[in-house]
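End of the sequence shown = 253 in my numbering, gap-free, step of one.
We put the beta carbon where it would ideally sit given N, CA and C, even for glycine.
These notes are about the structure you will find just below.
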Amino acid sequence: MNMDAFVRPGLNTLPDPLFGLLKGYVLYGERFPTILTCMGALNALATFLQIEQVAKGDAIWSDEEQMDLLLNPIAHDLLNQQQLKLPQSNTPFEIILESLRLGAIIWIIQAKRRCRSYPGTAQAYIKTLVRIISDNAEDGTPWNCSAELQVVRLWLLVLCSVSEPSAQDYSTLMRIIASEMKEQNLVTWSQLFSSIQRMPWIYSREVPDLSTL
Numbered sequence: 041m042n043m044d045a046f047v048r049p050g051l052n053t054l055p056d057p058l059f060g061l062l063k064g065y066v067l068y069g070e071r072f073p074t075i076l077t078c079m080g081a082l083n084a085l086a087t088f089l090q091i092e093q094v095a096k097g098d099a100i101w102s103d104e105e106q107m108d109l110l111l112n113p114i115a116h117d118l119l120n121q122q123q124l125k126l127p128q129s130n131t132p133f134e135i136i137l138e139s140l141r142l143g144a145i146i147w148i149i150q151a152k153r154r155c156r157s158y159p160g161t162a163q164a165y166i167k168t169l170v171r172i173i174s175d176n177a178e179d180g181t182p183w184n185c186s187a188e189l190q191v192v193r194l195w196l197l198v199l200c201s202v203s204e205p206s207a208q209d210y211s212t213l214m215r216i217i218a219s220e221m222k223e224q225n226l227v228t229w230s231q232l233f234s235s236i237q238r239m240p241w242i243y244s245r246e247v248p249d250l251s252t253l
């Protein structure tokens, strides 16, 4: 893997749907820019891995050491931003931040599992994230503030669904994804994927079973 081709960036590579969050940058202290910077790094890494996979195929996933060098610094920063309690009654921004942090950790775990460098699963993080999202499922708060945030929420849901959730969490995810697809007039996986690929994505072959929606 050509490590020299990847330089860890920051907010300048933030996924497009997250740029609107920068308006609240000064309101939430150090945690806010740290998590968003991690999302920018993850987005750049996803692009880098896509390019590498086109050139080298699945061989990139056999380079465990190099992959760890790419993933571990981002994971370290995300784990250092852990909240002491779930953001059940926190502000919309805090709910979004914690959801992004958990989603990014799940993304990293799945990438490491593809390299066989992570022996566990992401189920504990998935369970927490599903709880946060489902607690706000009925009114959509805070995700319905903009179409961009709806894309972010859908990305989190699909990411969880392809990351080996428990049977109970998978059922919850499918129910919420079905509701989201109906609300956003998305009928096929292609339409769903074209929406979420604006966020970091490297799992194009791994899709939810849409027949269950």
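If you reduce the DSSP assignment to three classes, tell me which class Thr131 lands in. coil
If contact is defined by three or more beta carbon pairs under 8 angstroms, each pair taking one atom from either stretch, is the region 73-85 in contact with the region 51-59? yes
Would you identify the three-state DSSP class for Cys185, choosing helix, strand or coil? helix
Which same chain residues, not among the five before or five after Pro57, have their C-beta less than 6 angstroms away from its C-beta? Glu188, Val191, Val192, Arg238
Please state if the CB of Thr161 and the CB of Glu204 are separated by a distance shorter than 8 angstroms. yes
Is Gln128 buried or exposed, if buried means 16 or more other CB atoms sit within 10 Å of its CB? Note that Gln128 scores a pLDDT of 49, beneath 50, so its modelled location is shaky and nothing firm can be said.
Smallest Cα separation from Ser174: which of Ile145, Glu223, Val198, Ile216? Ile216
Helix, strand or coil, according to DSSP, for Met107 in the structure here? helix
Do Ile146 and Tyr165 have their C-beta atoms closer together than 8 angstroms? yes
CA-to-CA distance, Leu110 to Tyr210, given in whole angstroms: 29 angstroms
8 angstroms contact criterion, which Leu194 and Ser235 should meet: CB distance rounded: 6 angstroms
May I have the straight-line CA-CA distance separating His116 from Lys63, to the nearest angstrom? 26 angstroms
At the level of alpha carbons, what is the spacing between Glu105 and Asn120? 22 angstroms
By the DSSP assignment, the alpha helix (DSSP H) with Asn83 in it spans what residues? 71-96
Where does Glu204 fall in DSSP's three states? coil
N-terminal and C-terminal residue of the alpha helix (DSSP H) that Leu232 is part of: 229-236
Using a Cβ-Cβ cutoff of less than 7 angstroms, which residues in the same chain neighbour Leu142 once the five nearest sequence positions on both sides are dropped? Tyr165, Thr168, Leu169
Hey, how far is the Cα of Lys222 from the Cα of Ser201? 17 angstroms
So, are the CB atoms of Trp101 and Arg154 less than 8 angstroms apart? yes
Identify the continuous alpha helix (DSSP H) that holds Gln163 and give its terminal residues. 163-175
With distances taken from CA atoms, which of Gln231, Phe88, Pro132 is nearest Pro182? Pro132
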